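This report refers to the structure that appears directly beneath it.
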Amino acid sequence: YLDEKLDMVRKVDFLQYRSPDLPTWCPGCGYFGIVDALYRACRELALKQEDIVTVSGIGCSGRTPIFINSYGFHTLHGRSIPVATGLKLAREDLTVFAVAGDGDALGIGGGHLPHVARKNINITFLLFDNSIYGLTKGQSSSTTPYEMRTSSHPVGNPDTPLNPIKLALAYGASFVARGYAGNPQGLKEIIKEGILHQGFSFIQILTPCVTFDKENRTWKNLKENVCDLNIRIDDKNMETAMRAAENEPYGCGIFFQDKQRPHYQEILRHLNRDD
Ligand code: SF4
Ligand code: MG
5 YLDEKLDMVR KVDFLQYRSP DLPTWCPGCG YFGIVDALYR ACRELALKQE DIVTVSGIGC
65 SGRTPIFINS YGFHTLHGRS IPVATGLKLA REDLTVFAVA GDGDALGIGG GHLPHVARKN
125 INITFLLFDN SIYGLTKGQS SSTTPYEMRT SSHPVGNPDT PLNPIKLALA YGASFVARGY
185 AGNPQGLKEI IKEGILHQGF SFIQILTPCV TFDKENRTWK NLKENVCDLN IRIDDKNMET
245 AMRAAENEPY GCGIFFQDKQ RPHYQEILRH LNRDD
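In the working numbering, the protein residues as written are 5 to 279.
What follows is the structure, given as structure tokens:
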């Protein structure tokens, strides 16, 4: 009976991208909104399911490829970026997503971000940023606010959080954007831009961990604070982007995009030319 129902659901337009496996995330988790936006972006760009690969690391975000009806690779902790890089270098024709949480991407795998950005590998990276380690039960991560109480810091986090947008800009990512899991339509537009961008696309997604964060990145706080960015999409001004990254912690939109810069495989073709 359930299989029949799922078949019916999958026939609805973008839901062809949803896998038969029902997500095991906690009810109310922001990740549902993220995969919804991803399905819609793939649909609107008419991507074939067999041409999509999603690569994940470890954490609640690690399960993402299981819930997308295409190819996927659930790799080691922090390693979605290097595996996605290798995949893209071997199969340039595929649309490759790398996904990771804040702990996975900026803690354990933090050393990979500068290199994928400076090489301008043509993949789309989705940072599921709920500012906490969810799967391991609520420890402080690299984006947990200072003084927030967590399971690893019950009297308050002593560490200063990283600013993922500033990091991506400083590392030289050619596309830097932020979206919100509670606005799948808006997030879909950003993901589409990220896919179409020829180079490394960095997309931070603000999303709540409803189970282990009751005070910071909650739906209530996000709803009250998330807004559109105040800078123009074609603004290639690094100074403006950095200022927005500093001053607009909840601003969503494209901070920076360099459409002229060649991506890695274009550079290789240029270096290997026969002249
Ligand atoms: Fe989502 Fe948090 Fe549950 Fe993980 S633990 S599925 S991040 S709500
Ligand atoms: Mg997290």
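Ideal placement from N, C-alpha and C gives every residue a C-beta, glycine not left out.
All figures in this text were calculated on a predicted structure; none of them were measured in a lab.
Taking 6 angstroms as the limit between beta carbons, can you name the residues of its chain near residue i, skipping five residues before and five after?
i	result
Lys192	Ala41, Arg44 and Ala45
Phe18	Tyr43, Arg44 and Arg47
Leu110	Ser146 and Leu166
Trp223	Pro212
Met152	Asn161 and Asn220
Please classify residue i as buried or exposed, where buried requires at least 16 other C-beta atoms within 10 Å of its C-beta.
i	result
Glu197	buried
Val159	exposed
Thr28	exposed
Leu131	buried
Gly90	exposed
His116	buried
Leu272	exposed
Pro353	There is simply no residue 353 to check, as the chain begins at 5 and stops at 279 in what is shown.
Arg247	exposed
Leu26	exposed
Arg236	exposed
Asn251	exposed
Gly138	buried
Ala50	exposed
Would you say residue i and residue j are within 8 angstroms of each other, going by their C-beta atoms?
i	j	result
Gln261	His201	yes
Gly255	Leu226	no
Gly82	Gly113	yes
Val230	Cys30	no
Asp163	Thr147	no
Gly183	Ile207	yes
Phe101	Thr140	no
Asn167	Gln269	no
Phe216	Leu233	no
Ser334	Asp108	Since the first and last residues shown for the chain are 5 and 279, residue 334 lies out of range.
Ala181	Gly257	yes
Pro149	Asn73	no
Thr211	Tyr35	yes
Leu80	Gly61	yes
Leu171	Ala245	no
According to DSSP, is residue i part of a helix, a strand, or is it coil?
i	result
Tyr184	strand
Phe101	strand
Arg22	strand
Ser205	strand
Ile62	coil
Val120	helix
Phe36	helix
Gly257	strand
Val159	coil
Lys267	Checking the sequence, you will find His at residue 267 rather than Lys. Here His267 sits in coil by DSSP.
Tyr175	helix
Tyr150	coil
Val214	coil
Asp262	coil
Gly76	strand
Cys46	helix
His235	Contrary to the premise, residue 235 reads as Ile rather than His in this sequence. In the structure shown, Ile235 sits in coil (DSSP, three-state: anything other than H, G, I, E or B).
Ile169	helix
Among residues of its own chain, excluding the 5 on either side of residue i, which ones have a beta-carbon nearer than 7 angstroms to its beta-carbon?
i	result
Phe77	Val57, Val59, Pro69 and Val87
Which residues in the same chain as residue i place their Cβ atom closer than 8 angstroms to its Cβ, once the five residues preceding and following it in sequence are excluded?
i	result
Phe204	Val120, Ala121, Lys123, Asn124, Ile125, Asn126, Ile127, Phe129, Ala177, Ser178, Phe179 and His267
Asp97	Asp55
Arg67	Pro27, Thr28, Trp29, Ser60 and His78
Using a Cβ-based criterion (distance less than 7 angstroms to any ligand heavy atom), does residue i qualify as near the ligand HEM?
i	result
Asp106	Looking for the ligand HEM in the displayed structure turns up nothing; the ligands present are the ligand SF4 and the ligand MG.
Handout entry: Sequence-ordered residues whose beta carbon comes within less than 6 angstroms of a heavy atom of the ligand SF4
Key = Trp29, Cys30, Cys33, Tyr35, Cys64, Asn134, Gly138, Leu139, Cys213, Val214, Thr215 and Phe216
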